[in-house]
Every structure is written in structure tokens, then in C-alpha cells.
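J.:
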Amino acid sequence: MTRRLSISTVPVPRWLESRVLRGGTAQPEHLAAPPPGSGLRAVPGDPGLPVVGHGLEWMRYGPQFERARVTRYGPVSWMKAFGIKMAMVGGADATQAVLTNKDKAFSQSGWNLFFDPFFRRGLLLLDDEHLQHRRIMQQAFTRPRLAAYAEVAGQVARAGLADLPARFAVHPLMARLTMDIGSQVFMASAPGTNEPVLRAFKAAVDGTTALARFPVPGGKWQAGLRGRRMLEEHFTAGLPAKRHSDGSDLFSVLASARDEDGQRFTDTEVVDHMIFLMLAALDTSATTVTAAMYHLARRPEWQERARAESVALGPAPDIDGLDRLTTLDLVVKESLRLVAPLPTYVRRTIRDVDLTGYHLPAGTTTVVMPAANHYDPAYWRDPDAFDPDRFAEPRREDRAHRFAWLPFGGGAHKCIGMVLGFLEVKTILHELLLRHRWRLPEGYRMRWDWSNAPFPVDGLPVHLDRST
Ligand code: HEM
């Protein structure tokens, strides 16, 4: 099994690892002095190493690093990474304050750090126009629309999973499958017929993590810009036909969607939204299926329990059938808790803010860390354990706080594709469960790469046995 080059696999001496995961030993420094007499606390933290700050540890250890920050400094701290100072927010109360954004002090422009210029003007990046755009886009996510997307997703999943080898790497396969599903559901393009667009999309995604963030010939940034241009050309060329189509693909639906006041998207807006929707939907679903397959392989009793429900439901379920797969619901929720596919939510303060008693100055990039809440022992019993029943009655540990479990975010920008994402992930797992049992290689140790959307560094090798 070939490993992708990943910072997670670079050997690090154990003493250094444990020092990093204890949160380092630097003396705390303050982000900024609170206004005199405000009664606010200064945000504690430390810049990390010269130039790289804490970027390398963050990318290598992901949630473990974030939990260590909260343990060391509390729910609000600061550090340097990617060339800037940022406030790191964990803990359900501080998270709630940032994401619900009652005083409109946090702007979505924080996300520009990663997404601009490749995914500019996607719904997640909008502030003032957000509500109006969301109202129009909501028309593409009604129950009848979702039922139609789910049906198409099921067809593509069945074809894509029909002929699996006895041993394969899960993540590359799921990344491909979710792209094929996305192609069909979003654009009515059959798998294999949309390769240049998918390549352009991949280049744009890779551009977001370019180290040199300017056009260097042959570099990721330049390739990403080319990818973005190509996506714009593709969607712009296809739009006139979609404006007049009554197709049930998301592109057609978005092109004709109108809110209650009859407002619809301009051509440029449809194009910007389509490009962002691809980003929002594809990697997140692939990560979720991969995480769920990993846990189901480690815990065959859960795999059997989920399979029994899938067998009882039978092949090609509709949206109502998928809703009845309650064990898969629990498994997917728990997988999303343990590995949040979008590991950070980024904002920027547009004025000085009192964040649960901490002083955040204007212009601070503010990073919410869902993992800090997802592993918080105040809400979760034995938080490192895979225990899907924690989401079932009577335990319902997720109800301990509105922001204890937030893999889809919260507040006005909460994921608009949450139900569709769930349906797609459940469809894929259901089709797998019907056909196969899967297990991990002997002594397998999972290592996630956290530098972007999380993926297993070795792709996650599994062995398949037919289930019937
Ligand atoms: C398991 C799958 C998914 C996960 C874990 C996920 C996660 C998230 C999260 C955490 C946010 C909010 C980020 C923030 O507040 O900064 C978000 C927003 C968003 N997601 Fe998803 N997502 C998933 C699937 C999808 C799908 C399938 C679509 C569309 C087809 C989608 C479209 C969007 C959009 C458009 C936004 C921006 C919403 C707004 O700003 O109002 N997502 N997603």
C-alpha cells in the first residue's frame, strides 16, 4: 500500500511528541491588552516557532494538538500559523458565541485565508448578502429535491461498488465515488464523462493549501487559478441551457431557484455557488464514509448490527427507507464526532469583541475547533471511545449542550447540505453492507493526515469478504 507524502508520517522522537501534545513549555503571552476598566481577560497563548508558528504541529496532530491547547490555555487562546496570529476557540460556550454571532462581530472573511481566490463568493464566504442567497439556495434542498438527489446517488453508488477487489484502499475509492455521485447529482454528468472538470476542481482544491501563495510557474497556486478559470468557463457555458431546463440536477435547480420574493441568482452567482458547492460536498462526504468504514471494521459487532438493518430494508431504498437505518445514523454521528471532516471554522472579528469574557481585538482571525468540543469530557463519557449508542435515547450525550456536537457547524452558516450529506454517506454504507463484510489488516494502526480535509495517510487498506 503506497503512503501519500504526509507530515503525519515524518518520524518524531517520543519526547518531542509528548512535549508538543502537552501544549509546549513556552511562557504564556497575551494577544492584546484588554481596554482599561473593561474587566475583560487577555487571551493567553504563544506564537510557536519562528516563521512557521504552530502550523506544523497543528497539521500533524490535528485534534490532539487542539485539545492540548485547550487543556493548557483554556477555551480561548492564540497562536501563530500560516504567517498570522489567530485566536483558537474551543469549548461549547465560546463556540456558540462565535458561530451564532449575535452582535455580527465575526465576519466570514476569515475563511478567505484558505478559500480565496479559488472558492470566492461561495455561500460560506458571504456576510451581508448571505441571508438572501441562502433563501434562494434553500430551494435546492427541499425534501422532494433531496429525494431525487438520493435516488441518483444510490444509482451511482451501486454501479461504483459493484465490482470491488478483495483488498483495496478505502479513501481513494470513496474520493472517486463521491466525485462521481457529485457529477451526476450536481451536473447530470455520468461518471467518467466529466474528467476535465473534476481535474480542474482538484487543482483548485490543491491551490488552497499551496505553501507559496502566489503564481509560481508549475506551482499549486497557479494550477489552482487555472482550475478555477476552467470551472468558471464550464459552468458559464452550461448555464443558458440549465436556465431553461426542468432537470432535477442541482445545477438546473439552482439556475431556476427563486426565493419567496421571486429573487434568483445572477449568472455569476450561480457559477460561484456551484464551484463552492462542489468543495463543500465532496471531500467532506468521502472523509465521513472513510471514518465510518474504519470504525465498522474495528468493531464488527456494529457492522453486523448495521448490516441487519440494511438487509431488512433491502436494495435501492428511497429517502424514507434511508431515514429508517437508525444504526447507521448513530454510527455516522459518532464517526463525525471522532473525525470532523471540516476540522476548523474560520471567522474574523470586525471590531473589538467580548468573547465570553476574553478580549479579542478587531481584525483577529478566529478559528473554532470542533474537536475540542467533540472530545470534551464534560459532555462525552469516555470521549476517545467509539460508542455510537451515546447518541441514542436515553443517553443522548449530544444534547448536553447545543454546541457539544457540531460537525455541520451552527448558526446562520450551518451546513445547508447536512441532510444530503447524511443521505449520501448512508447510501454508500448501506450498499457496502448489503454486499460485503470488511476488516482491517492485522495490527493496523490508523494515522490521519490533518493538513486539509482529513484522510488516512495510507488510504485505509481493508479486506473484503462477500456478506452473502
Ligand atoms: C458529511 C458531509 C458534510 C459535512 C461534515 C459538512 C460540514 C459543513 C460545515 C462544518 C459547515 C459550516 C462551516 C462554518 O461554519 O465555517 C458547512 C457549510 C456548508 N456546507 Fe456542508 N458539510 C457536508 C456536506 C455538504 C453537502 C453535501 C453540501 C451541498 C451539497 C454542503 C454545502 C454546504 C454549504 C453551501 C455551506 C455554507 C452554508 C452557509 O454559509 O450558509 N455541505 N458544511
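Residue numbers (this note's numbering): -11 to 456. Just so you know, even glycine gets a beta-carbon here, dropped at the ideal spot from N, CA and C.
Give the DSSP-derived three-state secondary structure of residue 442 in the structure shown.
T.: Taking the first residue of the sequence shown as 1, we reach residue 442 at position 454. Residue state, collapsed to three classes: coil.
J.: Would you say the beta carbon of residue 402 comes nearer than 7 Å to a heavy atom of the ligand HEM?
T.: As a position in the sequence shown, residue 402 is number 414, starting the count at 1. Residue 402 Cβ: within cutoff of the ligand HEM.
J.: Can you tell me whether residue 72 is buried or exposed? The criterion is at least 16 other CB atoms within 10 Å of its CB, across all chains shown.
T.: In the sequence shown, residue 72 corresponds to position 84, counting from 1. Looking at its Cβ environment, which holds fewer than 16 other Cβ atoms inside 10 Å, residue 72 is exposed.
J.: Kindly indicate the opening and closing residues of the alpha helix (DSSP H) around residue 102.
T.: Numbered from 1 along the sequence shown, position 114 holds the residue referred to as residue 102. Note, residue 102: alpha helix (DSSP H), 100 to 103.
J.: Please work out which residues of its chain come closer than 8 Å, Cβ to Cβ, to residue -2, disregarding the five sequence neighbours upstream and downstream, and give them in chain order.
T.: The sequence position of residue -2 within the sequence shown is 10, counting from 1. Only 48 meet the Cβ criterion.
J.: Could you check whether residue 158 and residue 447 sit closer than 8 Å to each other, using their CB atoms as the reference points?
T.: Sequence index remark: in the sequence shown, residue 447 carries index 459 (1-based). Sequence index remark: in the sequence shown, residue 158 carries index 170 (1-based). In this structure, residue 447 lies near residue 158, with their beta-carbon atoms less than 8 Å apart.
J.: For a test of the three-state rule: what should DSSP assign to residue 156, helix, strand or coil?
T.: The count along the sequence shown starts at 1 and reaches residue 156 at position 168. The answer is strand: DSSP assigns residue 156 an E or B state.
J.: Going along the chain, which residues of its own chain have a beta-carbon closer than 7 Å to the beta-carbon of residue -11, five neighbours each way excluded?
T.: If you number the sequence shown from 1, residue -11 lands on position 1. Interpretation of residue -11 is limited by its pLDDT of 49, a score under 50 that renders its predicted location unreliable; the figure taken from the coordinates is listed afterwards. The answer, listed in chain order, is 157, 446, 447, 449.
J.: Going by other Cβ atoms of all chains shown within 10 Å of its Cβ, with 16 needed for buried, is residue 321 buried or exposed?
T.: Here residue 321 corresponds to residue number 333 of the sequence shown, with the count starting at 1. By the 10 Å Cβ count, residue 321 comes out buried.
J.: Considering only their Cβ atoms, is the gap separating residue 145 from residue 404 smaller than 8 Å?
T.: Translated into positions along the sequence shown, residue 404 becomes position 416. Translated into positions along the sequence shown, residue 145 becomes position 157. Not closer than 8 Å, so no.
J.: So is the beta-carbon of residue 331 under 7 Å away from any non-hydrogen atom of the ligand HEM?
T.: Here residue 331 corresponds to residue number 343 of the sequence shown, with the count starting at 1. Answer for residue 331: no, Cβ out of range of the ligand HEM.
J.: Can you tell me where the alpha helix (DSSP H) holding residue 304 begins and where it ends?
T.: Looking up residue 304 in the sequence shown gives position 316. Note, residue 304: premise wrong, no alpha helix (DSSP H); not H, not E.
J.: Just checking: is the beta-carbon of residue 177 within a distance shorter than 8 Å of some beta-carbon in chain C?
T.: Going by chain labels, chain C is absent from the structure shown, which holds only one protein chain.
J.: Shorter than 7 Å, the distance from the beta carbon of residue 244 to the closest heavy atom of the ligand HEM, or not?
T.: On the sequence shown, residue 244 is found 256 positions in, with the first residue counted as 1. No, Cβ of residue 244 sits at least 7 Å from all heavy atoms of the ligand HEM.
J.: Where do the ends of the beta strand (DSSP E) carrying residue 140 lie?
T.: The count along the sequence shown starts at 1 and reaches residue 140 at position 152. Segment 131 to 148 is the alpha helix (DSSP H) holding residue 140; no beta strand (DSSP E) there.
J.: Identify whether residue 52 lies in helix, strand or coil by the three-state DSSP scheme.
T.: Reading the sequence shown from its first residue, position 64 is the one you call residue 52. The three-state reading of DSSP puts residue 52 in helix, counting H, G and I together.
J.: Helix, strand or coil: which one does DSSP assign to residue 381?
T.: Numbered from its first residue, the sequence shown carries residue 381 at position 393. Coil, per DSSP.
J.: Taking 7 Å as the cut-off, is the C-beta of residue -1 nearer than that to any heavy atom in the ligand HEM?
T.: Here residue -1 is taken as the residue at index 11 of the sequence shown, counted from 1. The answer is no for residue -1.
J.: Given this structure, state the Cα-to-Cα distance separating residue 155 from residue 275, to the nearest angstrom.
T.: As a working note, residue 155 is residue 167 in the sequence shown. As a working note, residue 275 is residue 287 in the sequence shown. The straight-line gap from Cα to Cα measures roughly 19 Å.
J.: Can you find a heavy atom of the ligand HEM that lies under 7 Å from the Cβ of residue 309?
T.: Taking the sequence shown and counting its residues from 1, the one referred to as residue 309 is at position 321. The answer is no for residue 309.
J.: If you drop the 5 nearest sequence neighbours on each side, which residues of the same chain put their C-beta closer than 7 Å to that of residue 207?
T.: Locating residue 207 in the sequence shown gives position 219, where the first residue counts as 1. Answer for residue 207: 198, 200, listed in chain order.
J.: Can you tell me the Cα-Cα spacing of residue 7 and residue 45, whole angstroms?
T.: Walking along the sequence shown from the start, residue 7 turns up at place 19. Walking along the sequence shown from the start, residue 45 turns up at place 57. When rounded, the distance between both Cα atoms is 11 Å.
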